[in-house]
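Worksheet: one structure, shown below.
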Amino acid sequence: MPACERKVHLCYSTQAAAACDNLPSNIGRQSLIDSLIAAFCLHEKCQLVDVVRASRKDVEAFHDQEYVAEVFRDRPEDPEDLSEKKDIKEREKFGLVYDCPPFPQLGLYAGHVVGSSICAANVLLNADDGTQNVVVNWYGGRHHALKHSASGYCYVNDIVLAILRLRIKYRRIFYLDLDLHHGDGVEEAFKFLNFVTTCSVHRHDVGFFPGTGAKSERGAYNVPTRRGLSDENFAKIIKKVLILMENVQPDVIVLQCGSDGLANDPCGEWNLTIRGLASGIMEIVNKFRFTPFLILGGGGYNHTETARFCAWLTKNLVGDTTAWEDIPEHTHLDEYEQDGFRFWTPNNTTCKPGRRDENSDFSELKLS
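First residue of the sequence shown? That's 1 in UniProt numbering, and the numbers climb one at a time after it.
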């Protein structure tokens, strides 16, 4: 087949980054990601996508109206005022407790997260079909949020809303989730609808959040893994997933690229390197070189490593072949001081030697 030109679009907004920096589980992470991408001038090699904040009506295309009203309501700036006992029952009803506490900027944050993924989907709806259009949105990827409630650090499910928007143009949509945690919210939203095939590769064990994704069902495929997943076994899983994707022949592919499976993420469950995770993703993008992609972020709690991963994958997508060694001067350079301001370190170039891969070789894995 002849080669297909790739055009990479990047969601890029100082307002969206500032809003995403407020997420309690990832304070300040988004600015690290955006600034590192800019430091390597990768944004100059992309078509930039401005982010328009989503309205309540936009969010209600999936989420329950009462829940959306709770997410978007005004909240006091004083954290103590957010913990009033009279408010606890209402918060519990909507899952706004424990790992999803309400915070003053919640409505602003939710609007930008959903808005970013809707804007990304709109790019694909209006794109030239003669080019492989890849839209990268590191603000999105919140895969746990349910129709009526928040869950697992996720307050709104921008992925579901983006897929619903893509449905305007595309008949067959394939969603692949590569986050450490099962993509339960997206699977739940589409498990009875035949226009979306979901597949999630994730850590699964008793007591490990969210506890779902143990087996596959028609249209909802799952690859539960044990502790210590290595680059080698991850690559084998990707080859099996590619077989499933070829059978589905999707018109558009949505990838959730959480980086909490990296070897030095605080979760400490998988053992992937930045190169290993990015290589698997690029194998998919290159295999389906005539298919449009929406690429999203997700988990990742070592913020500097998440920024490195996002920048590295963006670099690969735009076809930048320059060697990276030192991290360029930029606003957040001091965050990398402990690594000697180097992009590659002993901690992100090899799997942790003491973390054994407890998985089989996946040679018998069948998804189709």
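For every residue, glycine included, the Cβ atom is placed at its ideal position computed from N, Cα and C.
Within 8 Å, strictly: CB atoms of residue i and residue j
i: I295; j: L244; result: no
i: L23; j: E335; result: no
i: W270; j: L180; result: yes
i: residue 370; j: L161; result: Outside the modelled stretch of the chain, which goes from 1 to 368, sits residue 370, for which no answer is possible.
i: N133; j: H9; result: yes
i: residue 393; j: C351; result: Because the chain in this structure spans residues 1 to 368, residue 393 falls outside the shown range and cannot be described.
i: S259; j: L277; result: yes
i: K287; j: L365; result: no
i: R342; j: D320; result: no
i: H332; j: S35; result: yes
i: V68; j: L106; result: no
i: P104; j: R172; result: no
Through-space distance from residue j to residue i, alpha-carbon basis
i: L229; j: I238; result: 13 Å
i: H43; j: I37; result: 6 Å
i: V201; j: G297; result: 15 Å
i: Q47; j: Y139; result: 16 Å
i: H143; j: I253; result: 15 Å
i: H330; j: Y301; result: 21 Å
i: G354; j: T306; result: 22 Å
i: residue 371; j: N122; result: Because the chain in this structure spans residues 1 to 368, residue 371 falls outside the shown range and cannot be described.
i: V136; j: Y109; result: 19 Å
i: D129; j: N316; result: 22 Å
i: C20; j: I168; result: 28 Å
i: G111; j: D361; result: 42 Å
i: E92; j: E66; result: 14 Å
i: T273; j: G95; result: 33 Å
i: C11; j: A311; result: 13 Å
i: P210; j: I159; result: 17 Å
i: G5; j: R275; result: Correcting the residue identity first, residue 5 is Glu in this sequence and not Gly. Distance between the alpha carbons of E5 and R275: 23 Å.
i: L164; j: D58; result: 11 Å
i: E188; j: G141; result: 15 Å
Those residues which DSSP pairs with residue i across a bridge
i: Y175; result: T198 and V254
i: F293; result: V134 and I253
i: K7; result: N133
i: R56; result: Per DSSP, none; premise fails for R56.
i: Q338; result: Partner(s): none; Q338 has no beta bridge.
i: residue 370; result: Coverage of the chain is limited to positions 1 through 368, which leaves residue 370 absent and any answer about it impossible.
i: V223; result: V201
i: E217; result: A220
Buried versus exposed, by CB contacts within 10 Å (16 or more), residue i
i: L262; result: buried
i: I27; result: exposed
i: V55; result: Just to set this straight, residue 55 is Ser in the shown sequence, not Val. S55 should be labelled exposed.
i: T225; result: buried
i: G340; result: exposed
i: S363; result: exposed
i: Y98; result: exposed
i: T14; result: exposed
i: T349; result: exposed
i: P76; result: exposed
i: I284; result: buried
i: T314; result: buried
i: H148; result: exposed
Nonlocal neighbours in the same chain, by C-beta distance under 7 Å from residue i, ignoring five residues either side
i: M1; result: Annotation note: pLDDT 47 at M1 (below 50); position unreliable, no value reported.
i: A145; result: S151, C154, Y155, V156, N157 and G185
i: V52; result: G115 and C119
i: L124; result: N133, V135, L166, V252, P292 and L294
i: residue 370; result: Summary: the structure shown does not reach residue 370, with the chain confined to residues 1 through 368, and so no result is reported for it.
i: D357; result: G228, L229, S230, N233 and N271
i: G280; result: F234, A235 and I238
Other residues of its chain near residue i: CB distance less than 8 Å, five sequence neighbours each side excluded
i: C100; result: A150, S151, G152, Y153, C154 and Y155
6 Å CB neighbourhood of residue i in its chain, flanking five on each side removed
i: T197; result: F174, G219 and V248
i: K7; result: T131 and N133
i: S216; result: N222
beta-carbon residue i near the ligand NAP non-hydrogen atom, thresh 7 Å
i: V196; result: Although the ligand NAP was asked about, the structure shown includes no ligands whatsoever.
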